[in-house]
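Notes follow the structure.
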Amino acid sequence: MKKNVTRLLIAIISMLSISITAAATDTSCTHQWSGWNTVKNATVTKKGLQSHECINCGKTENQRISKLKPFVKFTKKKIELKISKTQKLKIKYAKGDSVKKWKTNNKKIVTVSKSGKVTAKKNGVAKVTVTMKSGKKATCTVKVTAKKKTSGKNSSGNSTSVSSNNGTVYWVPNGEVYHSTKDCSSLKRSKYISSGSKTDCPKSRPCKLCY
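Residues in the sequence shown are numbered consecutively from 0, following numbering that gives the first Met the number 0.
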């Protein structure tokens, strides 16, 4: 019995000696730390983690990285679209955040989809707002304008300014098709060119070159 107790005491003393020696070794080390390495990136919802190591004894230390500050902004704060055209709005935001909703202040002028694609409806100015799950918001101004006007001549030779989508077409008496412009390459040799609305045009087929 006494022998067993003696052996146990010796084992305990040996363990204590090892611990004391290790502690003394660590305390005596003049730490030279490496640079901080990112173990886990921070997001707007979670903290990150960094670690560095002593190049002498190998001891490591960790520290937390603060959560990212949420933000959101449009790559373009103002855009201009022609009627019926579409464009997907682009935004920048902090890692870990996501879009909650898109909203337009005037659906008659501009509509916006869940993915941020806007469609121009009619002339005017509308504002499209994106809201993030973090609560941050940003607004883009969308200006909608009509299609460009083109200049042409009617059958009497008078110059007129007409919209490219108002139905004005051009034709020649001996032709089989109507044209969207009097500058069509197939009309270059024609001496007499008539113009008018599609309903007044005696031709039933459009020209494949200009349509």
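From the three backbone atoms N, C-alpha and C, an ideal C-beta is built for every residue, glycine too. Bear in mind that the values here come from a model prediction, so they are computed numbers and not experimental data.
{"Check": "Identity of the residue in Gly47, Pro205, Gly57 nearest Thr29 by Cα", "Outcome": "Gly57"}
{"Check": "CA-to-CA distance, Lys121 to Asn164, given in whole angstroms", "Outcome": "Caution applies to Asn164, whose pLDDT of 43 falls short of 50 and renders its modelled position unreliable; the value that the coordinates give is listed next. Cα-Cα distance, rounded: 14 Å."}
{"Check": "Residue nearest to Cys206 in terms of C-alpha spacing, selected from Ser185, Ser189, Pro172, Gly34", "Outcome": "Ser185"}
{"Check": "Per-residue DSSP class, three states only, for Leu208", "Outcome": "coil"}
{"Check": "Test item: CB-CB of Ala93 and Phe70 under 8 Å", "Outcome": "yes"}
{"Check": "Closest Cα partner of Tyr191 within the set Thr198, Asn173, Lys202, Phe73", "Outcome": "Asn173"}
{"Check": "Residue environment, Ile108, which counts as buried when at least 16 other CB atoms sit within 10 Å", "Outcome": "buried"}
{"Check": "Residues bridged to Ser63 [DSSP beta-bridge criterion]", "Outcome": "Note on residue identity: the sequence assigns Arg, not Ser, to residue 63. Answer is Leu48, bridged to Arg63."}
{"Check": "Expected contact under 8 Å - CB spacing of Val129 and Gly95 to nearest Å", "Outcome": "That belief does not hold up - the Cβ atoms of Val129 and Gly95 are roughly 16 Å apart, past 8 Å."}
{"Check": "Cβ contact check for the stretch 96-104 and the stretch 127-145: 3 or more pairs under 8 Å", "Outcome": "yes"}
{"Check": "Rounded separation between Thr24 and Cys53 - CA only", "Outcome": "Because Thr24 sits at a pLDDT of 44, beneath the cut-off of 50, its placement in the model cannot be relied upon, and the following sentence gives the value as read from the coordinates. Taking the straight line joining both Cα atoms gives about 13 Å."}
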